[in-house]
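See below for the structure under consideration.
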Amino acid sequence: MAMQAKTTPVASAAQQDKRDRQQKLKITLRAYLWLAPIIICMAVIVFYPLVNGLILSFTNADQTNIAQQIGAMSYPATYHFIGLQNYTTIISGWFQPGSDESHVIFQTIIWVVANCFFHFIFAMGLALILNRPMRGRTIYRTLLMVPWAMPQFVAAFAWRFLYNQQGGYINKLLDIFHLPAIAWGSDPTWALISVIIVNIWLGIPFMTVTLLGGLQSIPAEMYEAAAMDGASAWQRFRSITLPMLRPIAFLSTMLDVIWTFNVFAVIYLITQGGPFNRSQTLFTYAWTKAFQVPQHYGLGGAYGIIILVILLVFTIIYSRMLRSNETVY
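Residues in the sequence shown are numbered consecutively from 27, following this note's numbering.
Structural data, given as structure tokens:
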């Protein structure tokens, strides 16, 4: 009896532990069951194309040597493994002056830097204005969201109409002031500028809302104390506003870099990357290589993997900044 009294609590604890493990297993299996449709969709839509693109990036696959079915005739694939040749072709092209690849990488840098810079500058100015007490502030904030709420393809077609060299309103306005019309679609420099302007217009609302939220989180007492000490508006902005906004500004800018790098619709719908590929970025150029004649699937796949690596680097930086920001707060 004494032995039974001693072992019963142990057996009871073991049984309880077993029941707990079974319950946790049921919860885990139920969670995976609910996640299964999403995992299957991700595997079909994301992972399979990614793996297929990775495999193709090591081959010379193009529209002439892939498996094809033409009428009753079936032609097997004849492409073969070429190692890192596609990657070396792309990267070496970046350092060849005058090549399309060198222009594209330079244009991508200009595209990202110009967009993110002007997003921040204009958004900071608007956020500072909207943070002040003023009549109709709610209306102005609502109007500010219009570009962000508008689908990109709608905005792209609207701006394409404005840029029309013959009947576009921008050139008509220039004509009123006796200024020469701008060849938005045929001049390489203006083609790149035109898509940058559109994307700046589309991206300002997000950055403004983000910075405005940061401004409203700064205690008003800090500004009042600085004003009592005789600090000017510029000194208050430099010593209070900028330091307090730095964490959220870094995070929003890094997110803006990722989004801007991924923009496709604006460039494709307005300039199609022309003229002479002078408004292409890495993202649009990868699509051009893979899906426009002549279709180089292997080279397009290599571009896709390079873009993925670049975005992963920025995503890791963003995630670390986000975690450090959460630690601070």
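By construction, the Cβ of each residue, glycine as well, lies at the ideal position given by its N, Cα and C atoms.
Roughly how many angstroms separate the alpha carbons of residue i and residue j, rounded to a whole number?
i	j	result
K198	G211	16 Å
I293	F183	11 Å
S243	Y189	40 Å
A252	L271	17 Å
Q49	M68	28 Å
L237	P273	10 Å
C142	M176	20 Å
L96	I196	In the sequence on display, residue 96 carries Ile and not Leu. Their backbone Cα atoms lie some 48 Å apart in a straight line.
R161	S258	25 Å
I92	T104	6 Å
V139	R264	23 Å
A246	T267	11 Å
R186	G326	27 Å
I284	G193	35 Å
A316	T164	46 Å
S350	L61	30 Å
N288	A39	56 Å
Can you give the beta carbon distance from residue i to residue j, rounded, assuming they're within the 8 Å contact cut?
i	j	result
N225	T286	7 Å
F290	W313	7 Å
L295	P231	Actually they do not touch by this definition, with Cβ atoms about 20 Å apart.
I108	T85	6 Å
T297	V235	Not quite, the Cβ-Cβ distance comes to about 29 Å (not below 8 Å), so this is no contact.
I331	G79	7 Å
Exposed or buried, what is residue i when buried is set at 16 or more other beta-carbons lying within 10 Å of its beta-carbon?
i	result
I131	buried
I116	buried
E250	exposed
N112	buried
F309	buried
L218	buried
A31	Reliability fails at A31, whose pLDDT of 48 lies under 50, so the model's placement of it is uncertain and no value is given.
H204	exposed
G229	buried
Using DSSP bridges, identify the partner residues of residue i.
i	result
S100	Q95
F107	T85
Kindly indicate if chain B contains any beta-carbon less than 7 Å away from that of residue i.
i	result
K50	In the displayed structure, chain B is absent; only one protein chain is listed.
- Start-end ranges of the alpha helix (DSSP H) lying completely within the region 171 to 246, minimum 4 residues: Taking only runs of at least 4 residues, the alpha helix (DSSP H) segments lying wholly in the region 171 to 246 are 172 to 175, 178 to 189, 195 to 202 and 214 to 242.
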